Amino acid sequence: MTNPPPSDDPLAGSRIPLYGPQFQRRSADLYAEMRRAHGPVAPVLLDGDVPAWLVLGYREVQHVTGNPQIFGRDPRRWNAWDRVPPDWPLLPLIGYQPTMMFTEGAEHERRSGALDEALADVDQFTLRVEAQQVADRLIDTFAGSSQADLIAQYADGVPLPVVARMIGVPESETADLVREVYTTHAAGEGANEAYARVREKVQRLVRFRRESPASDVTSRLLAHPAGLTDEEIAEDLLHLMNAGQLPTAYWIGNTLRLMLTDDRFATTLFGGRRSVGQALNEVLWEDTPTQNFPGRFAACDVWLGGRQVRKGDLLILGLAAANHDPLVRMDPQTSIGNQAYMSFSHGTHRCPYAAQQIAEVIAEAAIEVLLDRLPDVTLTVPADALTWRPSPLFRGLSALPVKFTPA
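Mapping of the sequence shown onto this note's numbering: residues 34 to 440, in sequence order.
Encoded structure:
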């Protein structure tokens, strides 16, 4: 896919590719360069040289997410669909699907409200215990050796089994789901086919739970007074699993990296649990798992950050860039302890508060179990040798090789 930018695009020569190897280095530097060159809203190119806007400013992200009547969520508003081929790798993330994520107005309130309530009823104690059990089983597979990759062998494997159990997926199917979800979010070859397979698995789950309800999120959605259809529930569960796996796995991996490489945390690795919450919070500011989130679509011509955005233009929410906006973080250290980050987005389409709490319980449990089981874990490579997966949308390590005393 090498389509050139539209010939009538006045910004064709200044658009910055939002893909490529530059995302494997410190992405914050790239966002700072964009901000210096273009201000709080930068013209960018997505994979295949498809034009869009990247919203870099904290206040601008707040404005976009807080005004859904001006910046809609339905991707059918997009004015560049004629440039998108059927095998576009970002299609599973940007293309319209009948999920809650792409609804607007009263329909979004109906479906998101039902999911919020179903998630709020998840027992936090049980959730933590289940996360600890999953973490222990994963550590059992490599604890007898003296080394491991804490990304492939640990962080990647924790969230989805817990979320799957929470929604009622049989444990025997979770391994396949992990592989399919990662294939989808890698936005590469086979992404569309993987997305279809995950949807089919979730549809089967909903049919099964309608016949055999239990104490899980799927059963609560089926019984909710919002009157959700099987199709609506399947699509919203699909979104929940996708949103719960990658960002939470990256949150675990990025936090472990911080605790293993930063001297402020090194002295507390040997049993100091008070640092885990601080590290989790700091990662959301400094290396948030969801870097850029597509998207919003202008419902009319509008000015944003000094840029004229045309009706139907796509805006990518620069969540990581907003977290580093110097206009709101003149002294970065003063913000580490608060939760004003944009990591879970903002406005009516933000990540539900209950989902945020669930992700935090899973991540914290995973890190604490690892430190309890392997208290002398250390990196086997220099910190600056660690590499990041080359994704413009997410920030997660390719590997985190460590050594430890066999347990």
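No residue lacks a Cβ here, since even glycine has one placed at the ideal position from N, Cα and C.
The structure presented is a predicted model; accordingly, all values stated were derived computationally and were not measured.
Report the rounded CA-to-CA distance for Val167 versus Ile395, giving the unit in angstroms.
-> Along the sequence shown, read from residue 1 onward, the residue named residue 167 stands at position 134. Along the sequence shown, read from residue 1 onward, the residue named residue 395 stands at position 362. Distance between the alpha carbons of Val167 and Ile395 is about 10 Å.
Of the listed residues Leu79, Val162, Gly138, nearest to Leu124 (C-alpha basis) | Position 91 of the sequence shown, counted from the start, is the residue given in the question as residue 124. Looking at the Cα atoms, Leu79 is the closest of the given residues.
Any 3 or more C-beta pairs closer than 8 Å across the region 79-97 and the region 373-386 = yes
For Thr321, which option in Gly310, Arg329, Tyr386, Ala353 has the closest C-alpha, if you only look at C-alpha atoms?
-> As a first step, residue 321 must be located in the sequence shown, where it is residue number 288. Ranking the options by Cα distance to Thr321, first place goes to Ala353.
Work out the CA separation of Trp421 and Ser431 for me, nearest whole Å.
-> Numbered from its first residue, the sequence shown carries residue 431 at position 398. Numbered from its first residue, the sequence shown carries residue 421 at position 388. About 5 Å.
At least 3 beta-carbon pairs within less than 8 Å: the region 237-251 vs the region 340-354 | The region 237-251 vs the region 340-354: no contact.
Straight-line Cα distance separating Leu148 from Val83 | Stepping through the sequence shown from its first residue, residue 83 is reached at position 50. Stepping through the sequence shown from its first residue, residue 148 is reached at position 115. Spanning the two alpha carbons is a distance of roughly 33 Å.
Helix, strand or coil: how does DSSP classify Thr323 here?
-> As a first step, residue 323 is located in the sequence shown; it is residue number 290 there, counting from the start. Here Thr323 sits in strand by DSSP.
Straight-line gap, Thr136 to Leu261 (C-alpha atoms, nearest Å) = In the sequence shown, the residue the question calls residue 136 occupies position 103. In the sequence shown, the residue the question calls residue 261 occupies position 228. Between the alpha carbons of Thr136 and Leu261 lies a gap of roughly 14 Å.
Near Asp107, which residues of its chain fall below 8 Å by C-beta distance, leaving aside the five closest residues on each side in sequence?
-> Position 74 of the sequence shown, counted from the start, is the residue given in the question as residue 107. Within the same chain, Asp107 has close Cβ partners Tyr129, Phe135, Thr136, Glu137, Phe330.
Secondary structure of Lys344, DSSP reduced to three states | Here the question's residue 344 lines up with position 311 in the sequence shown. The answer is coil: DSSP assigns Lys344 none of H, G, I, E or B.
What number of angstroms, rounded off, separates the C-alpha of Arg68 from the C-alpha of Ala282?
-> Position 35 of the sequence shown holds residue 68. Position 249 of the sequence shown holds residue 282. Their backbone Cα atoms lie some 29 Å apart in a straight line.
CA-to-CA distance, Gly328 to Leu407, given in whole angstroms | Within the sequence shown, residue 407 is the residue found at index 374, counting from 1. Within the sequence shown, residue 328 is the residue found at index 295, counting from 1. If I take the Cα positions, the gap works out to 40 Å.
The alpha helix (DSSP H) enclosing Val335, as first and last residue numbers = Here the question's residue 335 lines up with position 302 in the sequence shown. Premise fails: Val335 lies in the beta strand (DSSP E), 335-337, not in any alpha helix (DSSP H).
Given Leu63 as reference, the closest of Leu152, Thr438, Leu171, Ala355 once Cα atoms are compared | One-based indexing of the sequence shown puts residue 63 at position 30. Selected option, being the one with the closest Cα: Ala355.
Quick one, which of Arg144, Thr159, Leu347, Arg161 has its alpha-carbon nearest Ala267's?
-> The residue you call residue 267 lines up with position 234 of the sequence shown. The option with the nearest alpha carbon to Ala267 is Arg144.
Expressed to the nearest angstrom, what Euclidean distance is found between the alpha-carbon atoms of Gly53 and Arg428?
-> For the purposes of this step, residue 53 is identified with residue 20 of the sequence shown, where counting begins at 1. For the purposes of this step, residue 428 is identified with residue 395 of the sequence shown, where counting begins at 1. Spanning the alpha carbons of Gly53 and Arg428 requires a straight line of approximately 13 Å.
For Ala185, the three-state DSSP class (helix, strand or coil) = Locating residue 185 in the sequence shown gives position 152, counting from the first residue. Ala185 falls in the coil class under three-state DSSP.
What are the start and end residues of the alpha helix (DSSP H) that includes Pro425?
-> One-based indexing of the sequence shown puts residue 425 at position 392. Where Pro425 is concerned, there is no enclosing alpha helix (DSSP H), given that its DSSP letter is neither H nor E.
What three-state label does DSSP hand Pro192 in the structure shown?
-> Position 159 of the sequence shown, counting from 1, holds the residue named residue 192. Correct three-state label for Pro192: helix.
Could you have a look at Leu44 and say whether DSSP puts it in helix, strand or coil?
-> Along the sequence shown, one-based indexing puts residue 44 at 11. Correct three-state label for Leu44: coil.
Per the contact definition of three or more C-beta pairs closer than 8 Å, is the region 274-288 in contact with the region 202-217?
-> yes
Might you give, ordered along the chain, the residues of its own chain that have their beta carbon closer than 7 Å to the beta carbon of Gly99, omitting 5 neighbours on each side?
-> Taking the sequence shown and counting its residues from 1, the one referred to as residue 99 is at position 66. Answer for Gly99: His379, Gly380, listed in chain order.
What do you reckon, is the C-beta of Val435 under 8 Å from a heavy atom of the ligand SAM?
-> Ligands displayed in this structure: none; no statement on the ligand SAM is therefore possible.
Quick one: what does DSSP say Ile285 is sitting in, helix, strand or coil?
-> Residue mapping note: residue 285 aligns to position 252 of the sequence shown, counting from 1. Helix.
Can you tell me the Cβ-Cβ gap for Pro131 and Glu264, rounded? I've got them flagged as a contact below 8 Å.
-> Along the sequence shown, one-based indexing puts residue 131 at 98. Along the sequence shown, one-based indexing puts residue 264 at 231. Indeed they touch by this definition, with Cβ atoms about 7 Å apart.
Roughly how many whole angstroms lie between the Cα atoms of Pro50 and Asp409?
-> In the sequence shown, counting from the first residue as 1, residue 50 sits at position 17. In the sequence shown, counting from the first residue as 1, residue 409 sits at position 376. Their backbone Cα atoms lie some 42 Å apart in a straight line.
Beta-ladder partner(s) of Leu87, from DSSP = In the sequence shown, the residue the question calls residue 87 occupies position 54. Ala75, Ile349, per the DSSP bridge assignment.
First and last residue of the uninterrupted beta strand (DSSP E) at Val435 | Residue 435 sits at position 402 when you count from the first residue of the sequence shown. Where Val435 is concerned, the enclosing beta strand (DSSP E) stretches over 434-436.
Would you call the CB atoms of Trp111 and Gly345 closer than 9 Å?
-> Position 78 of the sequence shown, counting from 1, holds the residue named residue 111. Position 312 of the sequence shown, counting from 1, holds the residue named residue 345. Yes, they are a contact pair.
DSSP on Gln130, reduced to helix/strand/coil?
-> Numbered from its first residue, the sequence shown carries residue 130 at position 97. Residue state, collapsed to three classes: coil.
Please work out which residues of its chain come closer than 7 Å, Cβ to Cβ, to Asn60, disregarding the five sequence neighbours upstream and downstream, and give them in chain order.
-> As a position in the sequence shown, residue 60 is number 27, starting the count at 1. For the sequence presented, residue 60 should be read as Ser rather than Asn. Only Gln324, Ala353, Arg428 meet the Cβ criterion.
Assuming Val162 contacts Met199 (C-beta within less than 8 Å), just tell me the rounded distance between them.
-> Within the sequence shown, the letter at position 129 stands for residue 162. Within the sequence shown, the letter at position 166 stands for residue 199. Not quite, the Cβ-Cβ distance comes to about 12 Å (not below 8 Å), so this is no contact.
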